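Here the structure comes first, spelled out in structure tokens, and everything after it is commentary.
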């Protein structure tokens with residue numbers, strides 16, 4: 047199936063996130079799942095926007111980034127093209143409505159329980175105890191302490207001390223995830239050798 051997405055900003059973030067739900071004109075929802083990439087390096091457009099003086103880095107979150115891209119379409123398209131990494135998708139017909147996207151471990155991700163890790167440093171399926179002070183959905187700091195499982199990866203997740211939390215699917219979860227770029231601690235629970 048060939049799909050055309052008229053919203054270039056949402057298309058860009060589907061590429062960054064590696065999955066998407068697309069509503070067709072007849073109302074049906076199609077789930078797109080990561081199927082591969084073109085091999086080009088990932089370029090963080092937030093850094094480009096900061097370096098060009100469009101917005102200070104501390105003001106950049108998912109919501110402000112999307113708003114800036116939509117308000118500045120000429121610059122937005124030029125800057126988004128600097129990220130030469132391109133993601134290919136496949137249709138996931140067998141996912142239930144409540145299932146999260148399929149992670150790199152070939153399992154549906156669970157909101158608030160799945161993390162993405164550097165696959166060159168850690169194995170999928172490892173449990174991680176995460177502790178951090180993170181913003182809630184309103185941006186207020188709250189204690190975040192829980193056991194999570196490595197089930198995904200991403201080209202921007204590099205190093206043993208880096209993990210991305212999966213906060214869920216949809217606009218509300220996307221807004222919440224967009225507020226998070228905070229340091230934290232984690233302990234990896236490794237099996238005894």
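Residue numbers (our numbering): 47 to 239. Think of the CB as a built atom: it goes at the ideal place given N, C-alpha and C, for glycine as much as any other residue. These numbers come from a predicted model, not from an experiment.
By DSSP's criteria, residue i is part of a beta bridge. Which residues make up the other side?
i           : result
residue 126 : Partner(s): none; residue 126 has no beta bridge.
residue 195 : 160 and 173
residue 137 : 78
residue 209 : 163
residue 67  : 77
residue 180 : 188
residue 147 : Paired residues: none, contrary to the question.
Could you check how far apart the C-beta atoms of residue i and residue j are, in whole angstroms? I think they sit under 8 Å.
i           : j           : result
residue 197 : residue 128 : The Cβ separation is near 30 Å, so there is no contact.
residue 228 : residue 180 : 5 Å
residue 209 : residue 174 : 7 Å
residue 16  : residue 164 : Absent from the structure is residue 16, since the part of the chain shown begins at 47 and ends at 239.
Where does residue i land, buried or exposed, given buried means 16+ other C-beta within 10 angstroms?
i           : result
residue 95  : buried
residue 215 : buried
residue 90  : exposed
residue 58  : buried
residue 147 : buried
residue 134 : exposed
residue 64  : buried
residue 99  : exposed
Going by C-alpha distance, which of the options is nearest residue i?
i           : options               : result
residue 224 : 62, 207, 122 and 51   : 62
residue 159 : 50, 151, 104 and 212  : 212
residue 185 : 118, 117, 108 and 206 : 108
residue 76  : 133, 48, 84 and 102   : 48
residue 167 : 236, 64, 92 and 85    : 236
residue 86  : 142, 132, 176 and 192 : 132
Length-filtered (4 minimum) alpha helix (DSSP H) runs lying within the region 69-107: As far as the region 69-107 is concerned, its whole alpha helix (DSSP H) runs of at least 4 residues are 91-97.
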